[in-house]
Amino acid sequence: FTLHIRTFIAIAGVEFSLWKGRLAGNVDFYTKKTSNLLFWLSVPESAGSRGYYGNLGDIRNMGVELDNRHTVCDT
2 FTLHIRTFIA IAGVEFSLWK GRLAGNVDFY TKKTSNLLFW LSVPESAGSR GYYGNLGDIR
62 NMGVELDNRH TVCDT
């Protein structure tokens, strides 16, 4: 069998700074989709086999990452 695993990744982010840099950080949004992963397919034993692996599985990861920096007292 041949593996044809495909991955799509998208990342978007915003960097911010407020009050002359006393509060700063960034926010990132991401999504990742991996498709055609190996997945076990069961077939009736009367077919002569218990099953086989096929390129059918998909995984999707999505999330938000927040980075925060602050200065309480600047001397």
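For the sequence shown, our numbering gives the first residue as 2, with consecutive numbering after it. Note that beta-carbon positions come from the ideal geometry of N, C-alpha and C, so glycine has one too.
Could you tell me which residues DSSP puts in a beta bridge with residue i?
i          : result
residue 29 : 14, 66
residue 52 : 43
Can you tell me whether DSSP reads residue i as helix, strand or coil?
i          : result
residue 36 : strand
residue 58 : strand
residue 5  : coil
With distances taken from CA atoms, which of the options is nearest residue i?
i          : options      : result
residue 74 : 4, 23, 11, 5 : 23
Does the segment 7-26 come into contact with the segment 40-59, if we say contact requires no fewer than three beta-carbon pairs (one atom in each stretch) closer than 8 angstroms?
Contact between the segment 7-26 and the segment 40-59 is absent, because fewer than three Cβ pairs lie under 8 angstroms.
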